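Below: the structure, in structure tokens.
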Amino acid sequence: MSFDPLTPDGRSGPVFFDRRELDQILRVYGRMVAQGEWRDYAIAGHRDFAEFAVFRRSGDAPAYRVEKRPALQARQGQWAVIGEGGQVLRRGRELAQTLRVFDSRRFRLVE
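Here is the structure:
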């Protein structure tokens with residue numbers, strides 16, 4: 695039995711992040727870990743999108759998700775940062791610009 699990486703619509707395999715994209719995402723992740731705000735992450739490649747999820751504590755629901763959806767590149771932009779409740783916090787065509795949503799101080803944890 696051979697594996698055919700093409701999906702029914704002719705695209706190849708699952709969507710995933712390339713090295714440059716992961717580098718940008720992991721820089722933000724490292725900064726937030728150093729601030730004590732995030733503790734864990736998960737990466738998944740799906741048929742239509744790739745997802746980088748961050749967690750405040752292991753075992754919790756994701757606090758934020760960074761999604762790459764190439765099908766939306768011509769419309770809204772392929773990048774999105776999604777909050778805990780599922781709301782889209784920022785969407786864009788450029789990853790660096792989209793990740794700037796985390797530069798804001800409003801994402802500090804209040805205990």
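Residue 696 in the numbering used here is what sits at position 2 of the sequence shown, and the numbering runs on without skipping anything. Just so it is clear, CB atoms sit at the ideal spot from N, CA and C, and this is done for glycine as well. Values in this document were obtained by computation on a predicted structure and should not be read as measured data.
It is roughly 11 Å from the alpha-carbon of TYR735 to the alpha-carbon of VAL760. Per DSSP, reduced to three states, the secondary structure at GLU788 is coil, with no helix or strand assignment. In the three-state reduction of the DSSP assignment, ALA765 falls in the helix class, which pools H, G and I. With respect to VAL782, ALA774 sits close: the two C-beta atoms are nearer than 9 Å. Counting only runs of 3 or more residues that sit fully inside the stretch 723-750, the beta strand (DSSP E) segments are 734-739, 744-749, in chain order.
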